[in-house]
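These notes concern the structure reproduced below.
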Amino acid sequence: MTSTRRAPDADQQAAFKSVQSQGKLCLDHLRVMAAPGGRIAARAQSGDPLWSRVAATGYNQVCRDRRTPAGSTDDAYLSTIRGSDDLKLVCDTRWVLGEAVDVLRKRLDRLDTIAEPYDDFEDCIRKSITETDRSPAELTTSIEQALALGTRAVAWELRRPEAGTRVERWKRKLQDNPLVAAIMILGIAIPGIAAVYNALPAWFKEWLGLARSRGP
Numbered sequence: 031m032t033s034t035r036r037a038p039d040a041d042q043q044a045a046f047k048s049v050q051s052q053g054k055l056c057l058d059h060l061r062v063m064a065a066p067g068g069r070i071a072a073r074a075q076s077g078d079p080l081w082s083r084v085a086a087t088g089y090n091q092v093c094r095d096r097r098t099p100a101g102s103t104d105d106a107y108l109s110t111i112r113g114s115d116d117l118k119l120v121c122d123t124r125w126v127l128g129e130a131v132d133v134l135r136k137r138l139d140r141l142d143t144i145a146e147p148y149d150d151f152e153d154c155i156r157k158s159i160t161e162t163d164r165s166p167a168e169l170t171t172s173i174e175q176a177l178a179l180g181t182r183a184v185a186w187e188l189r190r191p192e193a194g195t196r197v198e199r200w201k202r203k204l205q206d207n208p209l210v211a212a213i214m215i216l217g218i219a220i221p222g223i224a225a226v227y228n229a230l231p232a233w234f235k236e237w238l239g240l241a242r243s244r245g246p
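Sequential numbering from 31 applies to the sequence shown in my numbering.
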């Protein structure tokens, strides 16, 4: 049967619009981080000992260090990271992005269909930017990847699947996961074989047993 797709109902369309707006917000945060993050990565690779320390330390600790109150513990490193507008922008925006992607996940969960491009976008941000420590170079690469996924996501349109489309989605999942497909086939086939064998007459089962014991 040829599957069809129909437009989502009003509630789902409204839910998807909220996903779109939140996805665009996450994209905006990533764009804010991209240029300063690139400049920080360049400084970290320039050989400057203070910025090399930033690269070796990673953003999680550096962002905490730059919030250290000024005082007797001040040194050249702390003065450098506190005085960097680029570092402030990346640290602050990364925090805000973490909150924004949490909202995106909640809005995705309200949809009754899978919005795969948005799932990929959210997963990339969470695992590669907001919840994982990164060096300046690593964060720059992760931002580029997330920007590409986000651009793909916001161009995607919601289509509510019919029953036939759901079968197609399962087919695609099984094609992408051959091991899972093999396990499912065995799970279906083995009980069926057992049922056929149990239905055989006793004399035939006995004959099968004798034939196996005699061999070729």
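Each residue gets a CB set at the ideal place from its N, CA and C atoms; glycine is no exception.
Please read all numbers here as calculations on a predicted model, not as lab measurements.
- For Cys93, the closest alpha carbon among the candidates Ala44, Cys121, Pro166, Pro231 is that of Cys121.
- Apart from the 5 residues on each side of it in sequence, Val133 sits with its Cβ closer than 6 Å to the Cβ of Gln52 in its chain, given in chain order.
- For Asp163 against Gly101, the beta-carbon gap comes to about 26 Å, at or over 8 Å, which does not count as contact.
- Assignment of Gly180 by DSSP, reduced to helix, strand and coil, places it in the helix class.
- Taking all protein chains in view, the Cβ of Gly180 is crowded by 16 or more other Cβ atoms within 10 Å, so the residue is classified as buried.
- A straight line joining the alpha-carbon of Thr160 with that of Asp78 spans about 26 Å.
- Counting C-beta pairs closer than 8 Å gives three or more between the segment 165-181 and the segment 144-152, which meets the contact rule.
- If you look at Glu129, you'll find it in the alpha helix (DSSP H) that goes 115-138.
- Straight-line spacing of the CA atoms in Arg97 and Arg112 works out to 7 Å.
- Pro66 carries a helical assignment under DSSP once its states are collapsed to helix, strand and coil.
- Contact between Phe46 and Leu188 is confirmed by a C-beta separation of about 4 Å, below the 8 Å threshold.
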